[in-house]
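The sequence shown runs 1 to 810 under our numbering.
We put the beta carbon where it would ideally sit given N, CA and C, even for glycine.
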Amino acid sequence: MGAKKSGRRRAAGGQGYGGRGPGRPNDFRQGAFNGPVQGDGTQNNTYVQQYAPVPTALASLPPLPEEFTGRDHEIDDLMTLLDPARGTGPVAGAVAGLPGVGKTTLAHAVAHAAVGRDWFTGVQRINLRGYDPAPVRPEEALDALLRSLGVTAEHIPPTLSEREALYRSQLDALARRNERILLIADNASTAEQVRTLLPARPHAALITSRHTLPGIGARLKNLNTLQPEAAVDVLRKVLQVADPDDDRVDRSPTDAEELALACGYLPLALQITAALMAGDPGQPLAERVQALTTAGDRLSGLDDGERNLRAAFDQSADRLTPQEADLFRLISLNPGPDLSTTAATALADRPATEVDRLLTRLTQAHLLDRGALRGRWQMHDLVREYATEQARLHAARGRPTKRRYEQARARLLTYYLRMTDAASTHFRPPGSVALSGLFENRFQALDWMDAERSNLINATHMAHALGDTSTVMLLPNRLTHYLTWRRHFGELITLTGLALAAHRRVGDYYGEGQAWANLGAAMQQTRRHEEAIAALETARTIFEKSGDQEGISGVWSNLGVALQEVRRFEEAITAHETARTICRKAGNQHGEASAWGNLGVTLHEVGRYDEAITAHETARTIWRTIGDQHGEGSAWSNLGSTFHQVHRYEEAITAHETARTIHRTTGNQHAEGQALNNLGLSLQEVERYEEAITAHETSRTIYLDTSDRHGEAKAWNNLGTVLRALGRLDEALAAGNRAAELLIDTHDHFLTGQALREVATTLTAADGDPGQIRETWLRSAAAYEEAGTPEKAAKSRAKAAGPSPGEDTA
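In structure tokens, the structure reads:
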């Protein structure tokens, strides 16, 4: 039989630092091995492969590239594994990660360190080309390793089992001579490729793969992308290798950080980008950032002619089964940063067990990562862009394929709508809607909403871009209660704006009114009070025309709160009383309780304390009757503030402690922070100063966690007053100044005036500079003037002028 020719294999791309990128010349060694000799002395040419490519085993380590950095922790982990003093456990480490993450160079770095400590007398390296069209087979790998270990070709047997036996005998012989070999098996794609190569103690091995390779007895190590600082350092070092005077990274550190982010902190992407910039010494970093982030095709921008990130991803994608590849593309349709198994099931329209299995396989291929929460999955940004590109190319094959992707996206949006509607029932007033059985309680619903928030927000934007008016109208409304609970008011305003436009587009007058109402309530919470008033008045007009009494009462209640914030107290009282009357007539106890509570707050502001106490007690009774713990907690908190104002401090403390307990029980963190801040004020009055400090500091932390800068300012201000009472004047000044800064930023002129008054008082107690004290009083007066309270402004100006004869300045 004649000789059988074999085509030349394409070399696999190296990974990470110093790797061989796709397109570089391969390192296959051409030659032939003879088949076994027959009994008659002739040779069986069936085994002859003239010019067949075989792998090369190399007994040397390449130097590490100068830009190698940021892997100290990973090196230490693997060195612990290789330490001969360890004596037990695995003798192999398997480093896995996505293409271009730097697996090969990490293995080389570990090998350099281990050899440098005399742990090994030799290194054997072999590239298994697991992601080439024709990966190296185990028998080919053993042939190369045996040759590198000094076995001549004529003594290498033909079968896999025979070669493995000879390989192990060679390693045993080395061990008897006290020689220890470290094997680096690079670019493996399957356990089969490496299982026969793994040595026994005292030798060791490092395997690199884009797949996690369980079942080979190796310690598994997943290699992640670089930390931001190390990624920037790669850019700096590559540029300075090309030109030691290239200081673009140090001259533009912010642009360098953005460029590293655009590269996804992926070593290969960073190397390619730096190489392109080295070839264009005049290019500013900002220009390169713009080229990567605005072109809409980052992968095309990550190709330096020698290395190509898209090609590296192609090699991994080519190894996927049709089902895995299909799900990989479908996942890119999800608009958020991660997705759940259930959402992936909706996309794929396959059984959940099958989808979970496919997701696991994609994770093992490092084209997908497990999320922080069990049952959630995420893609690296560049992998996601590649998946999106593949989905687009696949959809372009024809209308049926395109339609399939449209249907998958529609299923996903339907899933998000259904689950959001179910979760939102647990945030609505008790008894107003039937609770969905999809979630056991509010806490479970809250966990789901927290996990899916980015997806739900992005889904609204995606629906808007696709012209899916129905989803744009429904999803923001179903998110309103949750976003309010979590105080994500900026997101709520944006989404409600999209919903408002959608309602207008289809002529949904009632839906438009609801959107205006939601928009006004959210604007009020972000202290955009005048805009809130305008939005709520628009909503009220629409509801009045449609005769929606529940909508009208809700708008009146929120309008009263906004009017109170701009110190239009009499109008606010009228608004709350109107809301209360409408709700009472309609039998809407929830709305009536809200109106009583809001009315009590406004009555408190104008000094009608006895009426305020009656209003809060009435609200508390109604909340308790209808079983609304959140409302009851708010009533206790408001009642405590009014008790404080009339010097009933012990009752105030009890009320605030009760509110804190209720809010902690219901998981309302922000309301708990409010209760603690108010509690601290009452504790100050009874000289329980250390407890007051704890209350204000805890409140401040909660306000920080819930992104309420206005609340944080009030906590700082109250903390300053108690610190002053304790004589800790430097700390009190720092707290007061921080409060004033935040209040200025949040445009609360009235409380700014109060905070600056406290700072001036503290400066006086500290015998501060008279000019600074006077300036602070004048700033307080200016803030009060801006707030429309001239009487308080006059008092601050009087303080700036100095005390009158005989006045007590204490």
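Which same chain residues, not among the five before or five after residue 533, have their C-beta less than 6 Å away from its C-beta?
562
Would you kindly check if the distance between the Cβ of residue 623 and the Cβ of residue 632 is under 9 Å?
yes
Who are the Cβ neighbours of residue 476 in its own chain at under 7 Å, not counting the five residues just before and after it?
460, 495, 496, 498, 499
Distance check for residue 268 and residue 678, CA to CA, integer angstroms please.
55 Å
Does the pairing of the region 141-156 with the region 113-120 give three or more beta-carbon distances under 8 Å?
no
Whose C-beta lies closer than 7 Å to the C-beta of residue 709 among residues of the same chain, with five residues either side of it excluded?
742, 745, 746
Residue 126 - partner residues in DSSP beta bridges
57, 185
Three-state secondary structure (DSSP) of residue 134:
coil
Reduced DSSP category for residue 448 - H, G, I as helix; E, B as strand; rest coil:
helix
Could you name the residues of the same chain whose beta carbon sits closer than 7 Å to that of residue 656, not counting the 5 residues immediately before and after it, in chain order?
637, 640, 675, 678, 679, 682
Continuous alpha helix (DSSP H) stretch holding residue 92: start and end:
From DSSP, residue 92 is part of no alpha helix (DSSP H) but of the beta strand (DSSP E) over 92-96.
Just curious, the beta strand (DSSP E) that residue 206 is in, first and last residue?
204-209
My assumption, with CB atoms under 8 Å, is that residue 208 sits in contact with residue 104. Please give the rounded CB distance.
6 Å
Which of helix, strand or coil does DSSP assign to residue 283?
coil
Do residue 659 and residue 628 have their C-beta atoms closer together than 9 Å?
no
Would you decide whether residue 801 is buried or exposed? Buried here means 16 or more other CB atoms lie within 10 Å of its CB.
exposed
Starting from residue 822, trace the alpha helix (DSSP H) in both directions and tell me its first and last residue.
One cannot answer for residue 822 here, as it falls past the ends of the chain, which runs 1 to 810.
Who are the Cβ neighbours of residue 364 in its own chain at under 6 Å, not counting the five residues just before and after it?
211, 212
Are there three or more Cβ pairs, one per stretch, closer than 8 Å when the region 466-485 is compared with the region 512-530?
yes
Taking residue 699 and residue 673 to be in contact with their CB atoms under 8 Å, please state how far apart those CB atoms are, rounded to whole angstroms.
5 Å
According to the Cβ coordinates, are residue 338 and residue 411 closer than 9 Å?
no
Specify, as a first and last residue, the run of the alpha helix (DSSP H) that residue 718 falls within.
709-725
Residues that residue 219 bridges to, as DSSP identifies them
93
Other residues of its chain near residue 573: CB distance less than 6 Å, five sequence neighbours each side excluded:
602
Here's the rule: buried if 16 or more other CB atoms are within 10 angstroms of the residue's CB, otherwise exposed. What is residue 772?
exposed
Considering only DSSP beta bridges, list what residue 308 is partnered with.
303
For residue 370, the residue or residues it bridges with in DSSP
377
Contacting residues, own chain, Cβ-Cβ under 7 Å from residue 726 (five flanking each side not counted)
689
For residue 203, the nearest candidate out of 191, 219, 231, 174 (CA to CA):
174
Here's the rule I'm using: 16 or more other beta-carbon atoms within 10 Å means buried, otherwise exposed. How should residue 186 be labelled?
buried
When DSSP labels each residue in this structure, what does residue 508 get in the three-state scheme?
coil
Do three or more CB pairs link the region 440-448 to the region 387-405 at distances below 8 Å?
no
Report the rounded CA-to-CA distance for residue 25 versus residue 199, giving the unit in angstroms.
Only weak support exists for where residue 25 lies, its pLDDT of 30 falling under 50; the coordinates are left without a value.
If we call anything under 9 Å between Cβ atoms a contact, is residue 262 one with residue 67?
no
Helix, strand or coil: which one does DSSP assign to residue 339?
strand
Rounded to whole angstroms, how far is the Cβ of residue 123 from the Cβ of residue 107, which I believe are closer than 8 Å?
Between residue 107 and residue 123 the Cβ distance is about 10 Å, and since that is not below 8 Å, they are no contact.
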